[in-house]
Structure formats: C-alpha cells, structure tokens
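Chains as they are written, first to last, in my numbering: chain A, 10 to 122; chain B, 284 to 396.
C-beta: ideal position from N, C-alpha, C; glycine also.
Bear in mind the structure is a predicted one, so any value in this text is a computation, not a measurement.
Here is the structure we will look at, set down as structure tokens.
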C-alpha cells in the first residue's frame with residue numbers, strides 16, 4: 010500500500026511553460042485534493058474532487074486545471090507558469106464522510122523562474 | 284468559504300513546559316477539526332482530531348479542546364520534548380457535504396533543550 014504518490018518531487022519551470030503534477034492513490038479514496046504551501050504559510054486549497062468525473066474549485070484555482078478520469082489519479086495542470094506559482098504542492102486523499110483524515114503525498118517543490 | 288485563523292505564528296518553549304496553540308473558525312457548520320504536524324521538508328501528518336459533538340480529546344501528551352459556541356479550538360502539548368519542534372496546522376472541515384478542509388496559517392514550535 011503506497012498511499013498517495015506524487016511526481017515529480019522537484020521541478021524548475023521557465024515563465025510561460027506548462028506542466029502536469031501527477032498524483033495517484035491506491036487506497037480507493039473517493040476524495041482527492043490539491044493544496045499549495047507558500048514558504049512559511051499554511052495550505053491553500055486549489056481544487057478538489059469527490060469522485061471520478063467530479064471536480065470543483067477551492068480557494069486559489071486561478072492558473073490551474075484538474076481532471077479526475079479514474080478514482081486513483083488526480084493530475085494538476087499548470088498552464089503558462091508564472092513566478093507566483095512557485096510553491097510546494099501537496100496532493101491528499103481521504104475516504105470521505107465525517108471526520109475521515111487526510112492522507113498527504115510527499116509534495117512537489119516547484120520553482121518558476 | 285471557511286476562514287481559519289491560528290495563533291501564535293511562532294512559539295518557543297523550554298523542554299518540559301507546556302505549549303498551547305489556538306485556532307478560530309468562521310463557519311458554525313464546520314464539524315471536524317484535525318491538527319497536523321509538519322516537520323521540515325516533510326508532509327503534514329495528523330496528530331489528533333476532534334469532532335463537533337465532543338468538547339475535549341486527549342492522546343498521551345497532546346490534547347485538543349473545542350468550544351463550538353465561541354468557534355475556537357486549541358491544541359495542548361504537555362511535557363514538551365525537542366522532537367515536538369515542528370510546524371503545527373489546525374484545520375476545519377466545511378462545505379455543503381463536508382468535503383473541504385481549510386487550514387490555519389501554521390505555528391512554528393521550537394522546544395529548547
């Protein structure tokens with residue numbers, strides 16, 4: 010049971026480039042999330058999904074897109090990267106319902122220069 | 284959406300002393316409040332949580348209290364040890380179907396030996 014797996018762990022992008030952050034979980038969780046964590050700050054919700062084919066915006070969705078074609082995978086797409094997107098990105102999942110804890114991936118450190 | 288505020292942003296204590304971190308939330312419908320510990324360069328890990336139908340929960344040296352009327356909850360760590368040094372985040376579960384976690388900005392705890 011690998012839990013939540015994120016790739017890549019590190020990435021440097023040039024302004025205007027695009028990339029996809031991969032996230033996969035093997036716990037059959039319905040709910041998946043993408044958060045960003047700026048240095049010295051808390052976690053801000055970018056997008057989330059409550060099941061395959063269903064996604065919704067969080068607090069800071071601008072500049073990002075997601076898809077959820079399977080229960081296991083929840084990729085995050087950055088189009089036209091900007092320096093403001095320099096951050097650590099965490100994917101997380103949970104079964105859903107009341108009080109079920111979040112399981113986090115190990116994070117992707119992204120720098121946009 | 285939900286607004287979670289966390290104080291203090293940094294906390295320095297002597298080994299063996301107690302540490303208290305406080306959070307407030309804005310949405311009275313929020314009903315689940317986890318606390319996460321994040322060591323440097325690592326993913327957040329759940330350390331304790333509390334549901335809205337409970338006022339206090341304890342697990343060895345850590346405890347969480349919840350005051351629904353005042354909409355605030357607190358983390359208490361007793362007999363602190365150097366390995367407790369980390370960033371601690373509170374969170375609140377909110378959303379029409381309780382599907383979104385909102386995080387506080389974090390408290391950096393430093394336990395001096």
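Quick one: what does DSSP say residue 235 of chain B is sitting in, helix, strand or coil?
-> Limits of chain B in this structure are 284 at one end and 396 at the other, which puts residue 235 of chain B out of reach.
Is there a Cβ from chain B that is less than 8 Å from the Cβ of residue 67 of chain A?
-> Along the first chain, one-based indexing puts residue 67 of chain A at 58. At least one C-beta of chain B is nearer than 8 Å to the C-beta of residue 67 of chain A.
For residue 69 of chain A, which residues from the same chain have a beta carbon less than 8 Å from its beta carbon, with the 5 sequence-adjacent residues on both sides left out?
-> The residue you call residue 69 of chain A lines up with position 60 of the first chain. Hits under 8 Å: 45, 53, 54, 55.
Rounded to a whole number of angstroms, what is the C-alpha to C-alpha distance between residue 377 of chain B and residue 315 of chain B?
-> Here residue 377 of chain B refers to the residue found at position 94 of the second chain. Here residue 315 of chain B refers to the residue found at position 32 of the second chain. For residue 377 of chain B and residue 315 of chain B, the distance between alpha carbons rounds to 8 Å.
Going by the beta-carbon positions, is the gap between residue 304 of chain B and residue 328 of chain B smaller than 8 Å?
-> The count along the second chain starts at 1 and reaches residue 304 of chain B at position 21. The count along the second chain starts at 1 and reaches residue 328 of chain B at position 45. Against a cut-off of 8 Å, the Cβ pair of residue 328 of chain B and residue 304 of chain B comes out as no contact.
Spatial neighbours of residue 10 of chain A in its chain, beta-carbon cut-off 8 Å, leaving aside the 5 residues before and after = The residue labelled residue 10 of chain A in the question sits at position 1 within the first chain. Contacts found: 35, 36.
Roughly how many whole angstroms lie between the Cα atoms of residue 61 of chain A and residue 76 of chain A?
-> In the first chain, residue 61 of chain A corresponds to position 52, counting from 1. In the first chain, residue 76 of chain A corresponds to position 67, counting from 1. Between the alpha carbons of residue 61 of chain A and residue 76 of chain A lies a gap of roughly 9 Å.
Element boundaries [beta strand (DSSP E), containing residue 41 of chain A] | Start at 1 with the first residue of the first chain, and residue 41 of chain A comes out as number 32. Taken as a continuous stretch (DSSP letters only), the beta strand (DSSP E) holding residue 41 of chain A covers 40–46.
Residue 334 of chain B: first and last residue of the uninterrupted beta strand (DSSP E) it sits in | Counting from one through the second chain, the residue named residue 334 of chain B turns up at place 51. Per DSSP, residue 334 of chain B belongs to the beta strand (DSSP E) from 328–334.
Apply the 10 Å Cβ neighbour rule to residue 353 of chain B and answer buried if 16 or more other Cβ atoms are within range, or exposed otherwise.
-> Counted from its first residue, the second chain places residue 353 of chain B at position 70. Counting every other CB atom within 10 Å of its CB across the protein chains shown gives residue 353 of chain B a total below 16, marking it as exposed.
Measuring alpha carbon to alpha carbon, tell me which of A:24, A:40, A:74 ends up nearest residue 89 of chain A.
-> In the first chain, counting from the first residue as 1, residue 89 of chain A sits at position 80. Taking only the C-alpha atoms, the option nearest residue 89 of chain A is A:24.
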